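The structure appears below as structure tokens.
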Amino acid sequence: MEPVIELVYEGLYMLRIELSFLVALAFLWVAGQSLSNKRVDPVKARKAPAPRRGTTRRANVDETLTPSTVDPKKLQDPSWVVAQVAALCRSQVQRAMELYRVAVRAGLNIKEMSANDCQQLYSHLVTAAIRVGQADDALNLMKDLRRFQEVDVALLASATKLCTSKQLFADCLSIYDFTSQDPKLEVQDKSVWSCLLFCAVETKSYHRCSFFFERLRTYGSPSPKDFGNMVRYASSTSNWRLALHLIDDMQKAQVEVDSVVYNTVLAACVSAEQLDQARKLLDQMVAAGGVTDVITYNTLAKGYAKAGRMDMCFELYQLMRSRGLSPSQVTYGILLDGFINDNEVDKAVDIFNTMRTEGCQMNTVLYTTLIKGFARAGQVDQAVQIYEEMRKERSMQPDVITFSILIKANCDVGRLEEALKMLLAMKEAGLKPDEVVFNNLLGGCINDCKLELAKDLYKEMIASNVKPSVATFSILIRLYAQCKHWDEAVDLLRQELPLQKVSPEPRLFGQLAQCCLRDRQGRRASEVYKMLTESSTPTAAMNSTLLGMCAKLNMLDTGAEIMHLAADANSRVDPRDAAMMLEVNADYLGSGAIFATPTKASAAKGLEHLPALRTQVASKGPVPIVAIGGVDLSSAGDCIRSGADGVAVVRGLLKSDGPEDSEAKAKALISEVRSALAERSGE
DNA sequence: GTAGGGTTAG
3 MEPVIELVYE GLYMLRIELS FLVALAFLWV AGQSLSNKRV DPVKARKAPA
53 PRRGTTRRAN VDETLTPSTV DPKKLQDPSW VVAQVAALCR SQVQRAMELY
103 RVAVRAGLNI KEMSANDCQQ LYSHLVTAAI RVGQADDALN LMKDLRRFQE
153 VDVALLASAT KLCTSKQLFA DCLSIYDFTS QDPKLEVQDK SVWSCLLFCA
203 VETKSYHRCS FFFERLRTYG SPSPKDFGNM VRYASSTSNW RLALHLIDDM
253 QKAQVEVDSV VYNTVLAACV SAEQLDQARK LLDQMVAAGG VTDVITYNTL
303 AKGYAKAGRM DMCFELYQLM RSRGLSPSQV TYGILLDGFI NDNEVDKAVD
353 IFNTMRTEGC QMNTVLYTTL IKGFARAGQV DQAVQIYEEM RKERSMQPDV
403 ITFSILIKAN CDVGRLEEAL KMLLAMKEAG LKPDEVVFNN LLGGCINDCK
453 LELAKDLYKE MIASNVKPSV ATFSILIRLY AQCKHWDEAV DLLRQELPLQ
503 KVSPEPRLFG QLAQCCLRDR QGRRASEVYK MLTESSTPTA AMNSTLLGMC
553 AKLNMLDTGA EIMHLAADAN SRVDPRDAAM MLEVNADYLG SGAIFATPTK
603 ASAAKGLEHL PALRTQVASK GPVPIVAIGG VDLSSAGDCI RSGADGVAVV
653 RGLLKSDGPE DSEAKAKALI SEVRSALAER SGE
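What follows is the structure, encoded as structure tokens:
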């Protein structure tokens, strides 16, 4: 026997390579079989969307078909297409879509299809598209369908629910918006409104929440989740009244209010600075029992700290402990930061010691808060020492905020070199400097006019895709103003700001205009003011600030120029500011201006100059006349006649819409004013 | 799904 076995072994050994191929091939064949079985096995196939009505055709379905090679006759047969699409939608959505498009192109007459076929076709396609995340396709399909039939409520309902479950919140709202164009569509399914409310909250479309909630209530009682979403909406918009109201509603509807909901409402009160309301709510929560936790107390404590009520904050902390709740790292963080901001270093140290004795673990935030404390107290060396300590602990590393504070601390005491070293250290630690870090460094360049360094930093900022913000530009304005690089300062707002797509906030222009005035750069100040009027209408407050500075610095031409520009831009000038300009500038008044101020006395004062104006009209032709403060010139007479309070200053300046016309208007105005004067003197 | 630390602005 032995030789035989040996022979067999030898044979097998010689054929070893061929044999392994055989085994591999057999394996592949088996695998292929089982896979293709899976594909055609209707039982194992993914659950198909249930057609709304009628029966699904399953006969003769070819799930491997390639739409572009199908016989055109079949493509025009509604029953065939609906059956194929239904089948393909189960596992090959792309093909189903392709088949639908090819069929439409091949002349499938959807208009002539039975309503049932049509609804089925679109229902399968829409739900399948959403299931694979292609909600835009779903919307387009519904638009297609709308050309032939009304979209029915059931399709909208399943689309809404599917979109929500797939977290396609924005798409869900778009689909609803499209279908709701049909005024006849009435959605009575409560859960559709639930989904829409959730989508509105998730996409921060807060203006829509109340409507969806109202609809929801029309068709049923809201679930705890619905209330939860409304509370989130109320909290995100700091609508504390609504938030509190919702708690009442929940209690009335006997819906359980859990601690998260209570805490969210509490946070809404705190962020709306309604600390008394928040305190009442805390008492209510204590009375309800079992719903207060550390987060509750921390939320309110932070509110007190932010309002500068550290006494209340500390009291609350003690109350919390007396009620058997242990403070967390967050609690200590709030207290430490609060006392530091309040410049109560001793109390901060007390808290720190309590933390130590209670065995509270340090973390990055707590270390950073300490660093900030020392930085604020001007003890930069101490701050850096804490940082070194922190670095020694391997489990805890400084983050971007830690470095941001350290960099600012060094910049503030003029240690720019150290700040740059920190920037390097931060990069070495694998942290990417963000906007605030760059802003702090740029701010460090102001005092010693480190223009070149600032420009390099700004370049690096842009190159590393860190988007500058209004804060960045505000800092750069200060820098250029400090260095008296006025051209660059103006270019910054004129060119760089739009280039970086930063919103042209009025305050940036105001800031630069003020810097210009302070340096007696009147022409530039009005240039900047003009730029401001090009992107927005300056507020009365802004005009007040600038005119006030003009008056104080005796820059009367600039003041007059700004009033002109304000008038051209229809920007309101507070009558008191115009009156102030009037008082400091008699010559300006004499140059042909009429003022009607809020008080009778100052109106009369302005009108004393009427003869001079008249002379000017006669000798120089048209006199420029403009209304400032939104009061039309033609109503100037009325203003004076009635002597009413609250009338804005009116200053003359007819714009050059033809000399004759201007002169005629000027003369008409003067006779108006004269008759008004005559009436008054007759009183 | 809820709580703590950073930049501007006379």
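Adding 2 to a residue's 1-based position in the first sequence gives its number in the working numbering.
We treat Cβ as the ideally placed atom computed from N, Cα and C, and that holds for glycine.
Note that this is a predicted model, so its numbers are computed, not measured.
- Query: For Lys282, does the count of other Cβ atoms within 10 angstroms reach 16, so buried, or fall short, so exposed?
  - Reply: Here residue 282 corresponds to residue number 280 of the first sequence, with the count starting at 1. Classified as exposed, Lys282 has fewer than 16 neighbouring CB atoms from the shown chains inside 10 Å of its CB.
- Message: In whole angstroms, give me the CA-to-CA distance for Lys374 and Leu481.
- Response: Counted from its first residue, the first sequence places residue 374 at position 372. Counted from its first residue, the first sequence places residue 481 at position 479. Each residue's alpha carbon lies about 25 angstroms from the other.
- Helix, strand or coil for Glu275, going by three-state DSSP, please let me know. In the first sequence, counting from the first residue as 1, residue 275 sits at position 273. Three-state DSSP puts Glu275 in coil, outside helix and strand.
- C-alpha gap between Val438 and Lys429, whole angstroms: Taking the first residue of the first sequence as position 1, residue 438 is located at position 436. Taking the first residue of the first sequence as position 1, residue 429 is located at position 427. Cα to Cα, the separation comes out at about 15 angstroms.
- Message: Suppose contacts are defined by Cβ-Cβ distances below 7 angstroms. Is Glu569 in contact with Thr535 by that definition?
- Response: For the purposes of this step, residue 569 is identified with residue 567 of the first sequence, where counting begins at 1. For the purposes of this step, residue 535 is identified with residue 533 of the first sequence, where counting begins at 1. Note that residue 569 is Ala in the sequence shown here, rather than Glu. No, Cβ-Cβ distance for Ala569 and Thr535 is not below 7 angstroms.
- Query: When the Cα atoms are used, what is the spatial distance from Asp79 to Ala108?
  - Reply: Within the first sequence, residue 79 is the residue found at index 77, counting from 1. Within the first sequence, residue 108 is the residue found at index 106, counting from 1. Answer to the nearest angstrom: the Cα atoms are 10 angstroms apart.
- Query: Taking Cβ to Cβ, would you say Cys271 is nearer than 7 angstroms to Trp242?
  - Reply: Your numbering for residue 271 matches position 269 in the first sequence. Your numbering for residue 242 matches position 240 in the first sequence. It is a contact, given that the beta carbons lie within the stated cut-off.
- Query: Leaving out five residues before and five after Ala172 in sequence, what residues of the same chain have Cβ atoms less than 7 angstroms from its Cβ?
  - Reply: Taking the first residue of the first sequence as position 1, residue 172 is located at position 170. If we look at Ala172 and ignore the five residues flanking it on each side, its Cβ neighbours are Thr205.
- Message: How far does the alpha helix (DSSP H) with Cys174 in it extend, from its first residue to its last?
- Response: If you number the first sequence from 1, residue 174 lands on position 172. For Cys174, the enclosing alpha helix (DSSP H) covers residues 171-181.
- If we call anything under 7 angstroms between Cβ atoms a contact, is Val84 one with Leu110? Counting from 1 along the first sequence, the entry for residue 84 is found at position 82. Counting from 1 along the first sequence, the entry for residue 110 is found at position 108. Remark: C-beta atoms of Val84 and Leu110 do not approach each other more closely than 7 angstroms.
- Message: Rounded to whole angstroms, what is the Cα-Cα separation between Gln169 and Gln136?
- Response: As a position in the first sequence, residue 169 is number 167, starting the count at 1. As a position in the first sequence, residue 136 is number 134, starting the count at 1. Between Gln169 and Gln136, the C-alpha separation is close to 12 angstroms.
- Give the secondary structure of His566 by DSSP, where H, G and I count as helix, E and B as strand, and everything else as coil. By one-based count along the first sequence, residue 566 stands at place 564. Here DSSP, grouped into helix, strand and coil, assigns His566 to helix.
- Query: Taking DSSP as the reference, what is the three-state secondary structure of Val652?
  - Reply: On the first sequence, residue 652 is found 650 positions in, with the first residue counted as 1. With a pLDDT of 39 at Val652, under the threshold of 50, the modelled position of that residue is not reliable, and the figure given next carries that caveat. Strand at Val652.
- Task: Determine, using beta carbons only, whether Leu453 and Cys485 come nearer to each other than 7 angstroms.
- Result: As a position in the first sequence, residue 453 is number 451, starting the count at 1. As a position in the first sequence, residue 485 is number 483, starting the count at 1. In contact: Leu453 and Cys485 (Cβ atoms closer than 7 angstroms).
- Task: Under 6 angstroms Cβ to Cβ from Glu100, same chain only, skipping five residues before and after it: list those, please.
- Result: On the first sequence, residue 100 is found 98 positions in, with the first residue counted as 1. If we look at Glu100 and ignore the five residues flanking it on each side, its Cβ neighbours are Pro69.
- Message: Ignoring anything shorter than 4 residues, give me the alpha helix (DSSP H) runs that lie fully in the segment 124-198, in order along the chain.
- Response: As far as the segment 124-198 is concerned, its whole alpha helix (DSSP H) runs of at least 4 residues are 137-148, 155-167, 171-181.
- Cβ neighbour criterion (16 or more within 10 Å) applied to Ala161: Position 159 of the first sequence holds residue 161. Answer is buried; the Cβ neighbour count reaches 16.
- How close, in whole Å, do the beta carbons of Ala290 and Ile336 come, if the pair is a contact with beta carbons under 8 angstroms? The count along the first sequence starts at 1 and reaches residue 290 at position 288. The count along the first sequence starts at 1 and reaches residue 336 at position 334. Not confirmed; about 24 angstroms, so no contact.
- Item | Glu360: first and last residue of the uninterrupted alpha helix (DSSP H) it sits in | Locating residue 360 in the first sequence gives position 358, counting from the first residue. Per DSSP, Glu360 belongs to no alpha helix (DSSP H) and is neither H nor E.
- Query: Just how far apart, CA to CA, sit Thr333 and Gln276?
  - Reply: In the first sequence, residue 333 corresponds to position 331, counting from 1. In the first sequence, residue 276 corresponds to position 274, counting from 1. One C-alpha to the other measures close to 20 angstroms.
- Local Cβ density within 10 Å of Phe341, reported as buried at 16 or more and exposed below that: Position 339 of the first sequence holds residue 341. Flag for Phe341 reads buried.
- Is Ser528 helix, strand or coil by DSSP? What you label residue 528 is simply residue 526 of the first sequence in a count that begins at 1. The answer is helix: DSSP assigns Ser528 an H, G or I state.
- C-alpha distance - Arg217 paired with Ala140, whole-angstrom precision: Against the first sequence, residue 217 aligns to sequence position 215. Against the first sequence, residue 140 aligns to sequence position 138. Arg217 and Ala140: Cα-Cα distance of roughly 24 angstroms.
- Item | Closest residue to Thr371 among Lys394, Leu408, Gly361 (Cα-Cα distance) | Here residue 371 corresponds to residue number 369 of the first sequence, with the count starting at 1. Checked all of Lys394, Leu408, Gly361; the closest Cα to Thr371 is Leu408.
- Assign Ala245 to buried or exposed, taking buried as 16 or more other Cβ atoms, counted over all protein chains shown, within 10 Å of its Cβ. Within the first sequence, the letter at position 243 stands for residue 245. The Cβ neighbour count for Ala245, taken over all protein chains shown within 10 Å, is at least 16; the residue is labelled buried.
- Could you pull the start and end residues of the alpha helix (DSSP H) that Lys394 belongs to? Here residue 394 refers to the residue found at position 392 when the first sequence is read from its first residue. According to the DSSP assignment, Lys394 belongs to the alpha helix (DSSP H) that extends over 382-394.
- Item | Exposure label - Pro435; buried when at least 16 CB within 10 Å | Walking along the first sequence from the start, residue 435 turns up at place 433. It is buried - the Cβ of Pro435 has at least 16 other Cβ atoms within 10 Å.
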